[in-house]
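Visitor: Chains as they are written, first to last, in my numbering: chain A, 2 to 289; chain B, 2 to 360.
Note that CB positions come from ideal geometry on N, CA and C, so glycine has one too.
Fair warning: this is a prediction, and the values are worked out from it, not measured in the lab.
This is the structure I have questions about; it appears just below.
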Amino acid sequence: MSVEAREKRQPWILLSPALTAITLLLFIPLLFILVYSFWLRTATGADEVGFYLDNWREALTDAFYRDILLHTLKVAAITTVVCAVLGYPAAYFIARSKGNKPVLLLLLMLPFWISYIIRTMSWINILGVSGALNTFLLWVGIINEPMQMLYNEATVILGLVHFLLPFMVLNVFVSLDGIDETLEDAANSLGATRWQSFLQVTLPLSLPGLAAGGLLCFVLGAGTYITPLVLGGTSDAMFANLVFEAIITQLNWPLGSALSLMLLAVLGALVMIYNRYLGMAQLMKGLG
Amino acid sequence: MSSVTLNNIVKRFGSFTAVHRTDLEIPEGAFLTLLGPSGCGKTTNLRMIAGLLDPTEGEILIGGRRVNDVPIHKRNLGIVFQNYALFPHKTVAENIAFGLKYRDVPSGDIPGKVQAALDLVQLPDVGHRYPKELSGGQQQRIALARAIVIEPDVLLLDEPLSALDANLREDMRVELKRIQDQIGVTTVFVTHDQSEALAMSDQIVVMSAGRIEQVGAPQEVYNNPASEFVANFLGASNVFPAECLEAGPSGAVLQTALFGKVPLPVEKSMRVAGAGPAKLVLRAEKLQVMKAGATPEGMITAPATVETVDYQGQTVRYFVRVGDTQLQAINMIDGYPFSKGSAVTVAFRPRDGSALAGR
Chain A
2 MSVEAREKRQ PWILLSPALT AITLLLFIPL LFILVYSFWL RTATGADEVG
52 FYLDNWREAL TDAFYRDILL HTLKVAAITT VVCAVLGYPA AYFIARSKGN
102 KPVLLLLLML PFWISYIIRT MSWINILGVS GALNTFLLWV GIINEPMQML
152 YNEATVILGL VHFLLPFMVL NVFVSLDGID ETLEDAANSL GATRWQSFLQ
202 VTLPLSLPGL AAGGLLCFVL GAGTYITPLV LGGTSDAMFA NLVFEAIITQ
252 LNWPLGSALS LMLLAVLGAL VMIYNRYLGM AQLMKGLG
Chain B
2 MSSVTLNNIV KRFGSFTAVH RTDLEIPEGA FLTLLGPSGC GKTTNLRMIA
52 GLLDPTEGEI LIGGRRVNDV PIHKRNLGIV FQNYALFPHK TVAENIAFGL
102 KYRDVPSGDI PGKVQAALDL VQLPDVGHRY PKELSGGQQQ RIALARAIVI
152 EPDVLLLDEP LSALDANLRE DMRVELKRIQ DQIGVTTVFV THDQSEALAM
202 SDQIVVMSAG RIEQVGAPQE VYNNPASEFV ANFLGASNVF PAECLEAGPS
252 GAVLQTALFG KVPLPVEKSM RVAGAGPAKL VLRAEKLQVM KAGATPEGMI
302 TAPATVETVD YQGQTVRYFV RVGDTQLQAI NMIDGYPFSK GSAVTVAFRP
352 RDGSALAGR
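This is the structure we're talking about:
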């Protein structure tokens, strides 16, 4: 075999285990879900095999689903903005710290060592009626009755920010870390103050990282069902909760399949838009 | 355009002293080079003038004004960085216009000034391009254009040529000097390359280990080094021990083991005060390798053996053994070089030597 032919084959050989896994574990199950979404659940509880558009009609026309989808996108958007505002300065600090960068990055990864569910539930111990904050405020005497702080939209967003902030910081950090610091020196020497050179040079050059972090936060935030389940009230259900509800509680796999594909399509469209304008390479950089 | 003065400058990083007590006067309009090996403190000095580092002690004056507490963006300096530091997300024209936006330049005048700067660096048609679309040498010119378009009081160049390949570096050297002559701005140039320093400077400051070894015009530093370090850093030199027999207004006489008595003219012996231990410095290209037994007029000779021949086309570098000492000689080639092992005579004119005091 010629060298060229071998070089051409090599990537495919190296990729084949991963491609096999993705095909077996992602594409084929997705195909099942697609087929499922055209089946119909009958009153007896059995699924009727066939090509029915009923599930799709319900998912796409019922205002209930539309409102929850919009609510989901809103919560994800707020979470993303909060993560960006909180995460950017932190990422900047880490990128510009000289000696202890590895330590700071390790601290950033530390939350990942604890299960996301446990981290989410920890807020109950902090904000609950007999949680740490209420106990403290009662003890100090600022309040006489414990406050009801949990189970609303704000705590859902709080939980999501807690979960997603490290992803944002990491992405912005990678972007900032790749910017040559002498660019700021150059801007300063040309007459720009530190703030002006940040706005003119550093911020625009770090936008790809901010966008990558934003996409990750948004997609992960919009797809979550644990946070609203643990920290949300009855009206704080997000779209993934509907899927959970349909499949696990009502055992209505056909409808659940249609709903989950709907969410996939919306988030997939977002990723496509991102990819069109910024490219996936930046996101990969942030994840690696 | 302004003079620059360093008064009693000291820079320490923790317990490490990067720059020992330094005084330096850079006259208005001069092209001064800070020359030395890496870690000698030359870049630290430049960064202190720039305002990128604060001196631990002492004061820096630009145009007679103390600038220690003036932040970098108010110092009005043009800096060219080693890696150019062009803004990758801005076009060439936007890069050059960057500094003008922070000055009282009417926005209508900016395009004209940008074009004039592009013309000066002989790249009139690249304004709309992005830096990454230009070659290294072109990026270098744009960095220079960006630094001079603001009409800085002082131009600071931090090893601006070191990222270029050899041929381009020599072209840019000539180009840089031409531009500096044309605008006449006080320039501080940092390099570790002795040929750049010799070719471009009005004044060379040779630095080593945080101290200034010598300040002088290129010819002065080259022909009459103030220390063994300077002699060896600027080209190849032979430095060997001698005994000064006498020194006075008519010159000095050095007694050497290899060449006997060597009389030096007064301008080459001003570093020895009188009789005592001394060193003779002889540049490698001043030592001539000749046929054995030659007795050239007015030269001091010694018999030698060729140990290594380093053929370089136009020139040849010999390592020859004289007695128990190895000396270097860099000679033009007339015909064929001497071969390894041949017995030869080495010779030099006494006025080509210079004296250093001490052991």
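Is the beta carbon of Val-122(B) closer than 8 angstroms to that of Ala-159(B)?
Guide: Checking the sequence, you will find Asp at residue 159(B) rather than Ala. No, Cβ-Cβ distance for Asp-159(B) and Val-122(B) is not below 8 angstroms.
Visitor: The alpha helix (DSSP H) that contains Gly-222(A), what's its start and end?
Guide: 204-223
Visitor: What residue range is occupied by the uninterrupted beta strand (DSSP E) comprising Lys-43(B)?
Guide: Membership of Lys-43(B) in any beta strand (DSSP E) is not indicated; the residue belongs instead to the alpha helix (DSSP H) covering 43-51.
Visitor: Distance, Cα to Cα, Leu-106(A) vs Ile-95(A)?
Guide: 8 angstroms
Visitor: Considering Asp-172(B), what are the terminal residues of the alpha helix (DSSP H) in which it resides?
Guide: It spans 167-184 - the alpha helix (DSSP H) in which Asp-172(B) sits, taken as one unbroken run.
Visitor: Under 8 angstroms between C-beta atoms, does Leu-191(A) make it to chain E?
Guide: In the displayed structure, chain E is absent; the protein chains listed are A and B.
Visitor: Would you kindly report the start and end of the unbroken beta strand (DSSP E) that includes Leu-78(B)?
Guide: 78-81
Visitor: From the DSSP output, in three-state form, read off Arg-104(B) for me.
Guide: Reduced to three states, the DSSP call for Arg-104(B) is coil.
Visitor: Assign Pro-167(A) to buried or exposed, taking buried as 16 or more other Cβ atoms, counted over all protein chains shown, within 10 Å of its Cβ.
Guide: buried
Visitor: Go ahead and pull the three-state DSSP assignment for Val-50(A).
Guide: coil
Visitor: Looking at the strands, I want to know which residues DSSP matches up with Glu-60(B).
Guide: Asn-8(B)
Visitor: Flag Thr-121(A) as yes when its Cβ comes closer than 7 angstroms to any non-hydrogen atom of the ligand COA, and as no otherwise.
Guide: Ligands are entirely absent from the displayed structure, and the ligand COA is therefore not among its contents.
Visitor: Between Ala-248(B) and Val-273(B), is the Cβ-Cβ spacing less than 8 angstroms?
Guide: yes
Visitor: Going by beta-carbon coordinates alone, are Val-11(B) and Glu-58(B) separated by less than 8 angstroms?
Guide: yes
Visitor: Could you pull out every unbroken alpha helix (DSSP H) segment of at least 4 residues lying fully inside the segment 88-146 of chain A, listed in chain order?
Guide: 102-110, 117-128, 133-141
Visitor: Is the separation between the beta-carbon of Thr-62(A) and that of Cys-218(A) shorter than 8 angstroms?
Guide: The Cβ atoms of Thr-62(A) and Cys-218(A) do not sit closer than 8 angstroms to each other.
Visitor: Does the segment 225-238 of chain B come close enough to the segment 199-211 of chain B that 3 or more CB-CB pairs lie under 8 angstroms?
Guide: Counting C-beta pairs closer than 8 angstroms gives three or more between the segment 199-211 of chain B and the segment 225-238 of chain B, which meets the contact rule.
Visitor: Checking the sheet assignment: what are the DSSP bridge partners for Val-240(B)?
Guide: Val-282(B)
Visitor: For Met-333(B), list the residues DSSP reports as bridge partners.
Guide: Thr-316(B)
Visitor: Hey, quick one: how far does the alpha helix (DSSP H) through Phe-240(A) stretch, first residue to last?
Guide: 240-245
Visitor: Could you check what DSSP says for Lys-133(B) in three-state terms: helix, strand or coil?
Guide: In this structure, Lys-133(B) counts as helix in the three-state DSSP scheme.
Visitor: Return the Cβ separation of Leu-161(A) and Gly-222(A) in integer angstroms, given the expectation that the two are a contact with Cβ distance under 8 angstroms.
Guide: 5 angstroms
Visitor: Where do the N-terminal and C-terminal ends of the alpha helix (DSSP H) with Met-291(B) fall, by residue?
Guide: No alpha helix (DSSP H) holds Met-291(B); the beta strand (DSSP E) holding it covers 289-292.
Visitor: Would you mind working out which of Phe-245(A), Thr-194(A), Ile-29(A) sits nearest Lys-102(B), comparing C-alpha positions?
Guide: Thr-194(A)
Visitor: Is any beta-carbon of chain B found at less than 8 angstroms from that of Tyr-275(A)?
Guide: no
Visitor: Using the DSSP secondary-structure output, state which residues sit across from Arg-67(B) in a beta bridge.
Guide: Leu-62(B)
Visitor: On the criterion of 16 or more Cβ atoms from any shown chain inside 10 Å, does Asp-120(B) qualify as buried, or is it exposed?
Guide: exposed
Visitor: Can a CB atom of chain A be found closer than 8 angstroms to the CB of Gly-7(B)?
Guide: Just to set this straight, residue 7(B) is Leu in the shown sequence, not Gly. With 8 angstroms as the cut-off, Leu-7(B) does not count as an interface residue toward chain A.
Visitor: So if DSSP puts Ala-264(B) in a beta bridge, which residue, or which two residues, is it bridged to?
Guide: According to the sequence shown, residue 264(B) is Pro rather than Ala. Answer by DSSP bridge pairing, in chain order: Val-254(B).
Visitor: Please state the DSSP three-state secondary structure of His-21(B).
Guide: strand
Visitor: Looking only at its chain, what residues have a beta carbon closer than 7 angstroms to the beta carbon of Arg-174(B), apart from the 5 residues adjacent to it on each side?
Guide: Only Leu-162, Glu-197, Ala-200, Met-201 meet the Cβ criterion.
Visitor: What residues from chain A crowd round Ala-378(B), counting only those whose CB sits closer than 7 angstroms?
Guide: Coverage of chain B is limited to positions 2 through 360, which leaves residue 378(B) absent and any answer about it impossible.
Visitor: Under 8 angstroms between the Cβ atoms of Leu-159(A) and Ile-125(A)?
Guide: no
Visitor: So Val-189(B) and Val-216(B) are supposed to be a Cβ contact under 8 angstroms. How far apart are they, rounded?
Guide: In fact, because the Cβ distance is near 13 angstroms, the residues do not count as touching under 8 angstroms.
Visitor: Report the residue ranges of all beta strand (DSSP E) runs contained in full by the segment 181-216 of chain B; include only those spanning at least 3 residues, in chain order.
Guide: With a minimum length of 3 residues, the continuous beta strand (DSSP E) runs that stay inside the segment 181-216 of chain B are 187-192, 204-209.
Visitor: Helix or strand or just coil, what does DSSP make of Gly-289(A)?
Guide: Low confidence applies here, because Gly-289(A) scores a pLDDT of 42, under 50, leaving its location unreliable and the question unanswered by this model.
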